[in-house]
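Notes follow once the structure below has been shown.
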Amino acid sequence: MPLDLSIDREKEERFLEELRRIVLDLLNGKDCKVFLFGSRARGDYRRSSDADIAVEGLSEEEFKRFKRSLDELVEESFIPFTVDVVDLSRASDSLKEVVLKEGIEWK
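By the UniProt record's numbering, the letter at position 94 of the sequence shown is numbered 94, and the numbering carries on one by one without gaps.
Listed below in structure tokens is the structure:
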């Protein structure tokens, strides 16, 4: 029997919405911007694709705390993919350009 690699888009959207809720809860009250970018923002992801999040406006310490908390909460959740988080204020110009061009602003 062949391996089923099809994607249940509705289920994937629920996972992404749960991730968005977690991210926004963690950053509630913080003066920052958050973007989803990469394949999940473009819609050309696979089941094994990670989610790419960029955050701008946090201090280095706030960013580290946010990333640590996010990693823990994603691990405890039903979200089946990994999440890569970048600090946009410390990212390369080329990455900033990609995020601002294709990213979906969450906050």
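We put the CB at the ideal spot given by N, CA and C, even for glycine.
Boundaries (first-last residue) of the beta strand (DSSP E) holding L36 = Residue 36 sits at position 36 when you count from the first residue of the sequence shown. First-last of the beta strand (DSSP E) with L36: K33 to F37.
Where residue 111 sits in the DSSP three-state scheme | The structure shown has nothing for residue 111, since the chain only spans 1 to 107.
Let me know if K67 comes out buried or exposed under the rule of 16 or more other beta-carbons within 10 Å of its beta-carbon.
-> For the purposes of this step, residue 67 is taken as the residue at position 67 of the sequence shown. With 16 or more other Cβ atoms within 10 Å, it is buried.
Within its chain, find whatever has a CB closer than 7 Å to the CB of W106; leave out the 5 residues flanking it on each side and keep chain order.
-> As a working mapping, residue 106 is identified with position 106 in the sequence shown. Answer for W106: R20, V23, L24, V34, F35 and L36, listed in chain order.
Please say whether E18 and S77 have beta carbons closer to each other than 8 Å?
-> Numbered from 1 along the sequence shown, position 77 holds the residue referred to as residue 77. Numbered from 1 along the sequence shown, position 18 holds the residue referred to as residue 18. Cβ distance < 8 Å, so S77 and E18 count as in contact.
Pull up the distance between the alpha-carbon of D8 and that of S39, whole angstroms please.
-> As a first step, residue 8 is located in the sequence shown; it is residue number 8 there, counting from the start. As a first step, residue 39 is located in the sequence shown; it is residue number 39 there, counting from the start. D8 and S39: Cα-Cα distance of roughly 16 Å.
DSSP three-state assignment for D87, whether helix, strand or coil = Reading the sequence shown from its first residue, position 87 is the one you call residue 87. Reduced to three states, the DSSP call for D87 is strand.
Taking all protein chains shown into account, do 16 or more other C-beta atoms lie within 10 angstroms of the C-beta of G103, making it buried, or fewer, making it exposed?
-> Here residue 103 is taken as the residue at index 103 of the sequence shown, counted from 1. Answer is buried; the Cβ neighbour count reaches 16.
Nearest to R46 by CA position, among N28, K30, E72 and T82, is which residue?
-> Sequence index remark: in the sequence shown, residue 46 carries index 46 (1-based). Measuring C-alpha to C-alpha distances from R46 to each of N28, K30, E72 and T82 identifies T82 as the nearest.
Applying the criterion that 16 or more other CB atoms from any shown protein chain within 10 Å of the CB defines a buried residue, is D93 buried or exposed?
-> Within the sequence shown, the letter at position 93 stands for residue 93. By the neighbour-count definition (other C-beta atoms within 10 Å, threshold 16), D93 is an exposed residue.
Under 8 Å Cβ to Cβ from L16, same chain only, skipping five residues before and after it: list those, please.
-> The sequence position of residue 16 within the sequence shown is 16, counting from 1. For L16, where only same-chain residues beyond five positions count, the Cβ hits under 8 Å are L36, R40 and A51.
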